[in-house]
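Residue numbers (this note's numbering): 697 to 1116. Think of the CB as a built atom: it goes at the ideal place given N, C-alpha and C, for glycine as much as any other residue. Nothing here was measured: the structure is a model prediction, and the numbers come from that model. Everything below concerns the one structure shown next.
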């Protein structure tokens, strides 16, 4: 993430005359009427920036880290640039960073007292930093993260989306089926869990549903007037999801199970027969992130009748089954730029390219961004009839992926409506 640390005037004034009274005043957000510090805009190299100011009250802490998705991750081997500054003699820590004004990022606050600066040199070490993170008490926008716990979400003033339809409390629900009057129906098939939102004949299959479950897509879809049937596919642990999503036959079978689960639920909810029959063989859209996006791209190429359209977000197009997948998987989210098996197959003219496709990627995703561009370009070179490429200012992050799903569904609805 193109982000840089700055010192706003209010913090410079506090540092000039530090005291517990000043610290309490700032942490209570009294200078700004109870709201977080206002975002200040600036411009550099043609890019508009806005400030994100984070304050933390941590008695006993010696080191507190501001962990901004992708931005701090880029300093995982020496996280010192992202340590928050203490107001001397107080437990108040603060850090202000300039972030592109159109960005959507998630962030956490982590007490890293006693941890070595280079702990992120190993995946296990950086995972520990993730696990120590907690959300910002002054920010009500939150999401559940794949590694557990909640993170705060910052929407830049120029971001394409602003806020999520579900409230903070609703986002924190881990198992929506446990909530009274919850619209999701849990189905067990083939040893897998499928969370089904009953709807019309347009079945949307979302891989890695275990991560999407807490985001309450039903509320976001209702807010947009979308009536699709949605199936969240729980792909399990890291190893389990790799074994499902990187093996085409397995991914195809799981998708068929998802369609069967949708049909079962729509029938039990007495959805009209047309919807039941249409949910039998073909998905309306299949969608996924990372390995899930790779599965989407692979199934659209090699199982073209399985879905009418595909949404691939931040795809792991570096994956090659001939290499050690666990070794490559250890750097997932920070891969190299080598093209994997699927891209090589497509360049050789193998696979189909007729399925409408939307490709989305974060502008700060490094190698994943380059490979997403390569995927788009190879589809264009083979004259794919309908492919859209979109970069969102952000990283490898559900903070914007969830919005991208809703946006893509509206785009596909408009596209298919035009076909008629």
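Spatial distance of residue i from residue j (CA atoms)
i	j	result
residue 912	residue 1098	10 Å
residue 916	residue 924	12 Å
residue 727	residue 734	10 Å
residue 826	residue 843	7 Å
residue 1095	residue 839	7 Å
residue 689	residue 1092	Outside the displayed span of the chain (697 to 1116) sits residue 689, for which this structure offers no information.
residue 786	residue 764	24 Å
residue 699	residue 1116	46 Å
residue 1057	residue 859	19 Å
residue 1084	residue 1052	8 Å
residue 1065	residue 1010	7 Å
residue 740	residue 848	26 Å
residue 1062	residue 1035	14 Å
residue 833	residue 803	12 Å
residue 994	residue 898	21 Å
residue 717	residue 878	46 Å
residue 823	residue 1113	45 Å
residue 885	residue 895	20 Å
residue 755	residue 720	12 Å
Cβ separation of residue i and residue j, assumed to be a contact under 8 Å, to the nearest whole Å
i	j	result
residue 852	residue 805	Not quite, the Cβ-Cβ distance comes to about 19 Å (not below 8 Å), so this is no contact.
residue 961	residue 888	In fact, because the Cβ distance is near 15 Å, the residues do not count as touching under 8 Å.
residue 762	residue 722	That pair is no contact at about 16 Å.
residue 1005	residue 1108	5 Å
residue 992	residue 954	In fact, because the Cβ distance is near 13 Å, the residues do not count as touching under 8 Å.
residue 1067	residue 922	That pair is no contact at about 30 Å.
residue 999	residue 1039	Not quite, the Cβ-Cβ distance comes to about 17 Å (not below 8 Å), so this is no contact.
Cross-strand partners of residue i (DSSP beta bridge)
i	result
residue 940	Bridge partners of residue 940: none, in fact.
residue 807	760
residue 885	888
residue 850	801
residue 796	745
residue 738	745
Neighbourhood of residue i by C-beta distance below 7 Å, restricted to the same chain and skipping five residues each side
i	result
residue 942	987, 990, 1015, 1017, 1021
residue 797	737, 744, 745, 746, 852, 853, 854
residue 809	757, 758, 759
residue 931	903, 904, 906, 937, 940, 941
Contact set for residue i: own chain, Cβ-Cβ below 8 Å, skip 5 residues either direction
i	result
residue 873	Interpretation of residue 873 is limited by its pLDDT of 49, a score under 50 that renders its predicted location unreliable; no figure is taken from the coordinates.
residue 862	911, 912, 915, 916
residue 952	1002
residue 1072	1055, 1083, 1085
Sequence-distant residues of its chain with Cβ nearer than 6 Å to residue i (five each side left out)
i	result
residue 776	813
residue 1043	1074
residue 1078	1049
residue 857	1099
residue 770	none
residue 714	783, 784, 785
residue 793	699, 701, 748
In chain order, which beta strand (DSSP E) runs of at least 3 residues are fully inside the stretch 888 to 951? 888 to 893, 899 to 903, 925 to 929
Can you list the beta strand (DSSP E) stretches of 3 or more residues lying completely in the stretch 952 to 1021, in chain order? 981 to 986, 1006 to 1011
Return the chain-ordered ranges of every beta strand (DSSP E) run that is complete within the stretch 700 to 732 and spans a minimum of 3 residues. 700 to 702
Length-filtered (3 minimum) beta strand (DSSP E) runs lying within the stretch 1079 to 1114: 1083 to 1088
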